[in-house]
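Take a look at the structure set out below.
There are 2 protein chains.
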Amino acid sequence: VPQPRKPRSDGVRARGAIIREAVSLATIEGLEGLSIGQLADSIEMSKSGVYAHFGSKQEPALAAAPGVGQLVAICDAFFDHLARRTFPGGCFFAGAVLEMGTRPGLVKERITAFQRGFTALIRDFVITAVEQDELPPHEDADALTFELNGIILAANANFVLTGDVGALDMARRVVRRRLGVSTPTAAPHEPAAATQG
Amino acid sequence: VPQPRKPRSDGVRARGAIIREAVSLATIEGLEGLSIGQLADSIEMSKSGVYAHFGSKQEPALAAAPGVGQLVAICDAFFDHLARRTFPGGCFFAGAVLEMGTRPGLVKERITAFQRGFTALIRDFVITAVEQDELPPHEDADALTFELNGIILAANANFVLTGDVGALDMARRVVRRRLGVSTPTAAPHEPAAATQG
């Protein structure tokens, strides 16, 4: 008789390990190069174990001040993600869109759904920012969403090709100028206790 | 004794056929999926014949009025290229950058060199536009170049995923608003003689 699955204390860690391994592989070999069996082997887990761990990702940006604060936060979260070099091939979804765009099917549908969700989230933030008079009343929410997505994609492409964090600094500046907020004074996630000598 | 190679009247046509076939394959299978032998077979040409046909691509934009005219022309040329659905996977270079970014070697070097050349061309157009007072004197040429590249990449990603030409119309509007020029009144390349009934 199957037992109800208990939450395990190592669940979050295991989920992170699975995602990291799978997406790392995909950013190098492409989605076509992935198999669940190969993935399960490489993290020493059963296939059914691999299937047991999944959810959402956009909570950090939602914790920022509504409106322009959230817009800056979600863009910065993306640039931080690139800066940490989480995956060798940069943003998983940017690559997946171009790879799977020509292949109709479930994977393309899921990628499209994710992109729609991400776009809708940014658009909601823009609308809130307009309602709060942080952006001009005539701001076109669809156009601004498109522009921010473009800045994200340019940061990704530049960083993947050159490995130069200057591309990410540029992207942070461009986002802030576009949204009318001041430029950042310190690199994000810099350890507060770090000293120089 | 080798003879000097004569220009052939079908050279341009042959070059077009080679590029179309090679890049079409690459936008579906990725660059790794290409072989010169396979390509030569599929266009019924010898391998040495395939090697004999190459050069530059940016002449059409250079024919526009210097400055903002050239900036709009080069972006529109890109959107037209997508609208014609020349390749099923959209912009060859956008895909190639993400695919080859993790693979050091000659192909990555060539892609990097092409991207640098394209970026330098746009940046030169921006500088000319500033010198001609078409853009504000404080305009940051690197930042604007980065933004225009982002609009191009967003147009490509959206169009590859959705096939919706609305993404290209959006991109044309965003480019024009960013550069302070009026929106286009007619679709480009529309046959002048077309009638409605």
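Protein chains in written order, with our numbering: chain A, 1 to 197; chain B, 1001 to 1197.
For every residue, glycine included, the Cβ atom is placed at its ideal position computed from N, Cα and C.
Residue j beta carbon less than 8 angstroms from that of residue i
i, j, result
"A:C91", "A:N156", "yes"
"B:I1151", "A:G150", "yes"
"B:V1072", "B:L1168", "no"
Distance between residue j and residue i (C-alpha atoms, nearest Å)
i, j, result
"B:D1164", "A:G95", "19 angstroms"
"A:D124", "B:S1042", "49 angstroms"
"A:A171", "A:E21", "27 angstroms"
"B:L1082", "B:F1159", "8 angstroms"
"B:F1078", "A:G69", "33 angstroms"
"A:P88", "B:T1102", "6 angstroms"
"A:L161", "A:L148", "20 angstroms"
"A:S35", "A:V174", "39 angstroms"
"A:G117", "B:D1080", "28 angstroms"
"B:R1085", "A:L62", "38 angstroms"
"B:D1142", "A:E131", "32 angstroms"
"B:S1024", "B:E1139", "38 angstroms"
"B:S1182", "A:F114", "34 angstroms"
"A:M100", "B:G1166", "20 angstroms"
"B:E1109", "A:L98", "21 angstroms"
Cβ neighbours of residue i in the same chain (closer than 6 angstroms, five flanking residues each side left out)
i, result
"B:A1154", "none"
"B:P1066", "T1128"
"B:A1064", "Q1070 and A1073"
"A:E134", "G67 and V68"
"A:F93", "none"
Close beta carbons around residue i, own chain, < 8 angstroms, minus the five adjacent residues each side
i, result
"B:T1145", "T1119, I1122, R1123 and V1126"
"B:K1047", "I1036, G1037 and A1040"
"A:R176", "V72, S182, T183 and P184"
"A:P104", "none"
Sequence-distant residues of the same chain with beta carbon closer than 7 angstroms to residue i, five excluded per side
i, result
"B:P1137", "V1130"
Residue i: CB within 7 angstroms of a non-hydrogen atom of the ligand GTP
i, result
"B:V1160", "No copy of the ligand GTP occurs in the structure displayed, which carries no ligand at all."
Cβ of residue i within 8 angstroms of any chain E Cβ
i, result
"B:V1107", "Although the question refers to chain E, the structure presented lacks it and instead comprises the protein chains A and B."
- What residues from the region 1130–1152 of chain B come within 8 angstroms of chain A, judged by C-beta to C-beta, listed N to C? Those would be D1142, A1143, F1146, E1147, N1149, G1150, I1151 and I1152, in chain order.
- Task: Below 7 angstroms between beta carbons is the criterion; list the residues of the region 1063–1092 of chain B that meet it against any residue of chain A, in chain order.
- Result: Of all residues in the region 1063–1092 of chain B, P1088, G1089 and G1090 have a Cβ within less than 7 angstroms of some Cβ in chain A.
- Message: Using a Cβ-Cβ cutoff of 7 angstroms, what residues of the region 109–124 of chain A are near chain B? List them in chain order.
- Response: Hits within the stretch, in order: T112 and Q115.
- Residues, ordered as in the chain, of the region 1167–1187 of chain B that lie near chain A by beta-carbon distance below 9 angstroms: Correct list: A1167, M1170, A1171, R1173, V1174, R1177 and R1178.
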